[in-house]
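Participant: The numbers in the sequence shown follow our numbering, run straight up by one, and end at 319.
Every residue, glycine too, gets a C-beta built ideally from N, C-alpha and C.
Pasting a structure here, questions to come.
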Amino acid sequence: MEAPLITLLPLALLGYLSGSWLGALTVCRLAGVGDPRLAGSFNPGFSNVLRLHGRRLALATLLVDAAKGMPALLLAQLAGLPPWAQGLVGLAVLLGHSYPAWHRFRGGKAVASAFGVMLVLTPGVALVCAALWSLLAWRVRTAAVASLASAAAAPLASLWLAPDYVVVVIAFTVLVLVRHVLNIQRLGRGDEPPL
């Protein structure tokens, strides 16, 4: 047990630090456009950048947020950490994105970051969820509905495609759902902004 903990703690810290890099801020600054935390849904993530600044910058944001935690996760796999420990590194990435220390713990909703984490740990689950998100976003035109549905489907897909990671995926799902509480309230009132 001690050996995994000695490896896990620095990798979890690396995961948190890499997760706290908010791709939307970097992409928008480099493009010379407004801070996404100051307009739209005020969220520094893919969907708000898409609404405010279009597909090109949204795609760049998605790529950064999905890829930023991958090095820590790949190191966890190379170190031979068990699934639960790999999952804790992944959870640290998502917590870094959701609650970044140097942005006053005000981060994003962790959907793109969760996709990147699952792409490393459970690639089949990640692809199923991405396909569901894309279909719902296209049909319903509401990112929150697509995000909530794909997050809720992730544990079921994990039971089928990656049973060793079910508990890990449930933890990711809970975090994503918690981060969408305001969106759920807006959906109930009918004033959630469309894509």
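Nearest to Gly-193 by CA position, among Gly-314, Arg-179, Gly-220 and Ala-163, is which residue?
Facilitator: By 1-based counting over the sequence shown, the position of residue 193 is 69. When only C-alpha atoms are compared, the closest one is Gly-220.
Participant: Identify, in the order they occur along the chain, each residue of the same chain with its Cβ nearer than 6 Å to the Cβ of Ala-155, setting aside the five sequence neighbours on each side.
Facilitator: To locate residue 155, count along the sequence shown from 1; it is residue 31. Leu-181, listed in sequence order.
Participant: Would you kindly work out how many angstroms separate the C-alpha atoms of Asn-307 and Ser-222, rounded to a whole number?
Facilitator: Within the sequence shown, residue 307 is the residue found at index 183, counting from 1. Within the sequence shown, residue 222 is the residue found at index 98, counting from 1. Approximately 15 Å between the Cα atoms of the pair.
Participant: Classify Tyr-289 as helix, strand or coil using the three-state DSSP reduction.
Facilitator: Your numbering for residue 289 matches position 165 in the sequence shown. It is helical.
Participant: Taking only runs of the beta strand (DSSP E) that begin and end inside the region 226–294, which ones reach a length of at least 3 residues, in chain order?
Facilitator: The qualifying runs do not exist here; there are none.
Participant: Can you give the Cα-Cα distance for Leu-218 and Arg-175, rounded to whole angstroms?
Facilitator: Counted from its first residue, the sequence shown places residue 218 at position 94. Counted from its first residue, the sequence shown places residue 175 at position 51. In a straight line, the C-alpha of Leu-218 is about 23 Å away from that of Arg-175.
Participant: Hey, which unbroken runs of the alpha helix (DSSP H) at 4 residues or more fall wholly within the region 194–225?
Facilitator: If we require 4 residues or more, the alpha helix (DSSP H) runs fully inside the region 194–225 come out as 194–202 and 207–222.
Participant: According to DSSP, simplified to helix, strand and coil, what is Asn-172?
Facilitator: If you number the sequence shown from 1, residue 172 lands on position 48. Helix.
Participant: How would you label Gln-309, buried or exposed, when you count the other beta carbons within 10 angstroms and need 16 or more for buried?
Facilitator: In the sequence shown, the residue the question calls residue 309 occupies position 185. Result: exposed.
Participant: Would the region 201–216 count as touching the region 163–174 if we require 3 or more Cβ pairs under 8 Å?
Facilitator: No: fewer than three Cβ pairs fall under 8 Å.
Participant: Under three-state DSSP, which class holds Asp-189?
Facilitator: Residue 189 sits at position 65 when you count from the first residue of the sequence shown. Note: Asp-189 maps to helix in three-state DSSP.
Participant: Skipping 5 residues on each side, what residues in its chain have a beta carbon closer than 7 Å to that of Pro-279?
Facilitator: As a working note, residue 279 is residue 155 in the sequence shown. Cβ neighbours of Pro-279 beyond the five flanking positions: Val-290, Val-293, Ile-294 and Thr-297.
Participant: To the nearest angstrom, how far is it from the Cα of Val-264 to the Cα of Pro-318?
Facilitator: Position 140 of the sequence shown, counted from the first residue, corresponds to residue 264. Position 194 of the sequence shown, counted from the first residue, corresponds to residue 318. Their Cα atoms are separated by approximately 9 Å.
Participant: Can you tell me whether DSSP reads Val-157 as helix, strand or coil?
Facilitator: Your numbering for residue 157 matches position 33 in the sequence shown. In this structure, Val-157 counts as coil in the three-state DSSP scheme.
Participant: When the Cα atoms are used, what is the spatial distance from Trp-284 to Gly-158?
Facilitator: If you number the sequence shown from 1, residue 284 lands on position 160. If you number the sequence shown from 1, residue 158 lands on position 34. About 42 Å.
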